[in-house]
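> Numbering (the numbering used here), first residue to last: 114 to 214.
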């Protein structure tokens, strides 16, 4: 089993050495990384908006715990951030854009 894996790796390295003209490119383009950072920023902001709402005194109930910011806006922003991340991973530039980069 190990011998087979070693032989396969040797064959693959020989094939890579035979094609010196092949140019290695990154999996994602610049736009993908920009979208990923935007998605992470949106999710981070959603988590920041979720912070707080507790009370200092455990005997007093704070209504701020269940306000609109923490129950609606923040989860929606986190979901939007996740959608932006999915778009960032799936985004593929057009052939014309590849030539320009």
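All C-beta atoms, glycine included, are put in the ideal place defined by N, C-alpha and C.
Source: prediction; values computed, not measured.
(1) Give the straight-line distance between the Cα atoms of residue 207 and residue 144, rounded to the nearest whole angstrom.
(2) Suppose contacts are defined by Cβ-Cβ distances below 7 Å. Is residue 177 in contact with residue 159 by that definition?
(3) What residue range is occupied by the uninterrupted alpha helix (DSSP H) comprising residue 152?
(4) Tell me whether the region 147 to 154 and the region 189 to 197 touch, counting them as touching only if at least three CB pairs, one residue from each stretch, are closer than 8 Å.
(5) The alpha helix (DSSP H) spanning residue 188 covers which residue range?
(6) Since residue 162 and residue 192 should fall inside the 8 Å C-beta cutoff, what is the C-beta to C-beta distance between them, to a whole number of angstroms?
(7) State yes or no: is the C-beta of residue 121 nearer than 6 Å to some heavy atom of the ligand HEM?
In short:
(1) 12 Å
(2) no
(3) 143 to 163
(4) yes
(5) 187 to 203
(6) Contact doesn't hold; Cβ gap of about 13 Å is too wide.
(7) You won't find the ligand HEM in this model; it holds no ligand whatsoever.
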